[in-house]
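Colleague:
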Amino acid sequence: MFGSREESVNKAISKLKSENPKYEVFGLWPNLSNEIEIKKAFDEVEKRYGKIDILINNAGLSSSTPLTNYT
């Protein structure tokens with residue numbers, strides 16, 4: 001599981017584990033503006049699982065901030 005903040009990732013993992021403690025799930029929260037952190041995160045996934053079978057890119061934006069105002 002990937003997320004933007006450690007707290008939100010850990011909260012989601014806890015919720016999944018409460019549904020089924022046998023779920024194999026771990027989380028990462030790389031800074032997506034840092035190419036080195038992203039590479040390390042994908043290296044960790046490859047080390048654990050060999051490859052990514054399914055990737056869902058689901059990102060949200062603030063409805064009060066125009067996309068052009070993001071850096």
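Here this note's numbering is used: the first residue of the sequence shown is 1, the next is one more, and so on.
Ideal Cβ positions, reconstructed from N, Cα and C, are used throughout, including at glycine.
1) Quick one: measure Cβ to Cβ for TRP29 and VAL45, integer angstroms, because I've assumed they're closer than 8 Å.
2) Alpha carbon to alpha carbon, how far is SER33 from GLU24?
3) Would you kindly work out how many angstroms separate the C-alpha atoms of LYS47 and GLY27, rounded to a whole number?
4) On the DSSP bridge assignment, give the partners of LEU28 in chain order.
Modeller: Put simply:
1) As a working note, residue 29 is residue 29 in the sequence shown. As a working note, residue 45 is residue 45 in the sequence shown. Between VAL45 and TRP29 the Cβ distance is about 13 Å, and since that is not below 8 Å, they are no contact.
2) Position 33 of the sequence shown, counted from the first residue, corresponds to residue 33. Position 24 of the sequence shown, counted from the first residue, corresponds to residue 24. Each residue's Cα considered, the two are about 28 Å apart.
3) Taking the sequence shown and counting its residues from 1, the one referred to as residue 47 is at position 47. Taking the sequence shown and counting its residues from 1, the one referred to as residue 27 is at position 27. The straight-line gap from Cα to Cα measures roughly 14 Å.
4) Translated into the one-based positions of the sequence shown, residue 28 becomes position 28. Looking at the DSSP assignment, LEU28 forms a beta bridge with PHE2.
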